[in-house]
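According to full-length UniProt numbering, the sequence shown is numbered sequentially starting from 1.
Just so it is clear, CB atoms sit at the ideal spot from N, CA and C, and this is done for glycine as well.
Worksheet for the structure shown next.
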Amino acid sequence: MKLNSIKVKLAAAFILLILIPLSLLGYMSVHQASSMIERDSASSRETIVENKALTLEEMMRTVESLSTEIFTNLDAINITSGEGFVNANDRDEARNSFQQRATSTTTGFSYVSRVAIFAEDGKIHGDAGVVNKSRDSTPFRERTWYKTAMSAPGQVFWLGANPADFSQTATEGEEVISLVRTINKKATLTPVGVIKIDLDIGELIERAGLAGSELDSYSLVDAEGSNVLGALLPSREDWRLPDGSPANSSEGDEPTADAASMISDVDGEKRVVAYRPIEGTEWTLISSTPLSALTKELQSIKRQTLLQIAIFAVIALAAALLFSQRMTGAIARLSGAMKKVENGDLNVRLSSSSKDEIGALTQSFNEMAGRLATLASGVGKSNDVLNRTVASMMTSAESVRASWEETTKSVHEIAIGANEQSESVQRGADMTDELAAAIERSVGRIGHAAELAEVANRYGEEGKQSIAELTRMAERSTESVREVTERTRKLAEQSKQIGEIVKLIREIAARTNILAINASIEAARVGASGKGFLVISDDVRALADQVKVSSQHIEGIVEELAADTDKVSQHAASLLGDIERQDRLIGLNAESFDRLLGAIDTMHESMQQLSLDASAMNEGNRSIVDQMQGISSVAEQTAAACEQVASSAEVQNDAVRHLFDRMADIREQIAVLGDSVSRFRSGGSE
């Protein structure tokens, strides 16, 4: 095992000396290649983003040119301001001309979906697909884009994804990108409406090549990082550019139009993020590509480097094993010879022609084996003489030990008899003491029980008096409950009478109301002369209504009072039954107390008699204890004398036994030494 360990260590050291430089060289090569590929990948992504941004800017400039044509078109200005027409026919012709022009624009440019002018007077002019009302019915003059354009006449604004309103062909939830700017009167340059050109996001993405692929993804965001192209091209929060990058310059600074890139961690994955600001807007085009997809060549280089290192490792391992095998061969032969010496073969010898440390070690081993053979021969002879001497001493010690064992046995038998007698007397004395203690405890308990009987008798008398008082209180409670029941019954009858009276009042109020209505009808027939009577009849009718309402309220109160009275009556009846049952139980308790007092008197007399008997028993027990203590004293003296004799005999016997044991140990050691020496044999060579 140790030879294998040495071989492994030599092989490991040899391998490390070769593999560490190779590994460092491979790591430096891969790292340098990785840096070059990352730089090339970032540069290529910048070029791609630059080209796509230029395509997007070209389409946006085309749309701005279309808006400028509308901005300067006389027909568009006139139909928006409502001026410059001789008659209605001229106005209709101008409107139709603008509609045809706008429709041809949407047809000629596939990414332009809608062209419209939103006039300040609330009218909308545009291509054939424009409608005059939005889907949510919100007036366009309340839209943010309209207010923004009107606040800066002549300035161009680009809107990110917004609903495709005012279009009869748009689907639910469809979004567009829009350009808005004002259209002004030709003479005063006063804004009279807003031009709005909508771009189809899907067509824009396709023409600009922003759809992306499994390799890369694109996003168009504004200065706040919000998505510009809507749900068709969602952006990711972790693609936002860091503060201070060219695309996020502060206000007043001119953002650079050049593309840039950076390496960013996205969800634990390294990605190449390239970006470029869109000229004339606050938008930035962003491209995100996994770095792993761009470094496939680097992965191939890494695999080749690892394969080369593995091949060199196998070669180094083979060379190390061959070298270590040659070095450990001589050590293995020396180890085998030492194993033979360990097993008792002193004839083994080694021959070596080597002059190095291994040769010197072999010569030292041969000298050690010769000296061990000489030592084993001398020890064997001495062992035989010592063995015979010890055998003679053990025979004498055995005779002495047998004699002392007989003496010790006799003394032990006497001591055991004395001890048994002493223990028997002691157990009798202990039992007598326990009996005396039990009698004393019984006397105390009997006295305590007599005291408790007297206390119980006194408590019984007090309880009997309390029961008599409870009986009187129960009788008074019964009379009170009966009186409450009678009064409750009378209250219920009075409540019924009040209810009848309330019903009568309600009937009178109803009839009064009918009379008042009839009087009002008659007063109306009379005319102006009956107005005073009409007022009186209205007051009478109002009074009748109040009486009706009040009577209903009183009737409700009476009904609640009747219900509460019934509940009180029921509770009183239940309470009366409970009190009567309580009265019967109190009578039964009084009888039980009488019987209990009689039993307590009988028990008190029995306790007094038991106390007298226990006192007499205690006196007799004291006499028995005195006699047992005298017997125990004599037995203890006899046992003590026997113990002294037995102790002396034990000491002598232990000394003889110890001597015999030591002789046996010596004999065993001599036998072991003889066996050890006999294992070795001398003479001969290898």
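- As DSSP reads the structure, Gly126 sits in a beta bridge with Ala116.
- No Cβ-Cβ contact shorter than 8 Å links Phe85 with Asn96.
- In the DSSP assignment, Phe157 is bridged to Val180.
- Between Leu204 and Ile183, the C-beta gap is not smaller than 8 Å, which leaves the two residues out of contact.
- Here Val63 carries a helix assignment [DSSP, helix/strand/coil].
- When Cβ pairs closer than 8 Å are counted between the two stretches, the stretch 116–132 is seen to touch the stretch 154–170, the count reaching three or more.
- Taking the CA atoms as reference points, Leu179 sits about 11 Å from Asn162.
- Between Val484 and Val558, the gap from beta carbon to beta carbon reaches 8 Å or more.
- Closest in C-alpha terms to Ile586, from the list Arg472, Glu64, Leu452 and Thr103, comes Arg472.
- Taking C-beta atoms as the reference points, Arg276 and Pro290 fail to come closer than 8 Å.
- Secondary structure note for Arg91: its alpha helix (DSSP H) is the uninterrupted segment Ala88 to Gly108.
- In the DSSP assignment, Tyr218 falls within the unbroken beta strand (DSSP E) covering Ser217 to Val221.
- When DSSP reads this structure, Val273 sits in a beta bridge with Met262 and Ser288.
- Around the C-beta of Leu372, fewer than 16 other C-beta atoms lie within 10 Å, and the residue is accordingly described as exposed.
- The three-state reading of DSSP puts Asn162 in strand, counting E and B together.
- Counting C-beta pairs with one atom in each stretch, the stretch 562–576 and the stretch 479–498 have three or more that are closer than 8 Å, which means they touch.
- Contact annotation: the stretch 137–150 does not touch the stretch 88–108, with fewer than three C-beta pairs closer than 8 Å.
- Within its own chain, no residue has a Cβ closer than 6 Å to the Cβ of Ala563 once the five positions on either side in sequence are excluded.
- For Thr55 and Gln100, the gap between their C-alpha atoms comes out near 28 Å.
- For Ala119, same chain residues with a beta-carbon under 6 Å away, outside a window of 5 residues either side, are Thr80 and Gly193 in chain order.
- Ranked by Cα distance from Ser287, the options Ile48, Asp545 and Arg506 are led by Ile48.
- The Cβ atoms of Leu210 and Trp283 do not sit closer than 8 Å to each other.
- Looking from the CA of Glu591, the closest CA among Ala474, Ser44, Ile467 and Val112 belongs to Ile467.
- Pairing Arg45 with Ala164, the inter-Cα distance amounts to about 33 Å.
- Where Leu199 is concerned, the enclosing beta strand (DSSP E) starts and stops at Pro191 to Asp200.
- By the Cβ-count criterion, Lys52 is buried, with 16 or more other Cβ atoms from all chains shown falling within 10 Å of its own Cβ.
- Pairing Arg595 with Glu434, the inter-Cα distance amounts to about 39 Å.
- Residue state for Glu172 is assigned as coil, using DSSP reduced to three classes.
- In the DSSP secondary-structure assignment, Ser167 is bridged to Val130.
- For Ile263 and Glu269, the gap between their C-alpha atoms comes out near 10 Å.
- Sequence-distant partners of Ser551 (beyond 5 residues in either direction) whose C-beta falls short of 6 Å from its own C-beta, in its chain, are Val502, Ile505 and Arg506.
- In this structure, Ser113 lies near Leu199, with their beta-carbon atoms less than 8 Å apart.
- Annotation: Ala116 to Thr105 spans about 11 Å, alpha carbon to alpha carbon.
- Nearest neighbour of Leu470 by Cα position, chosen from Asn589, Asp539, Ile514 and Ser226, turns out to be Asn589.
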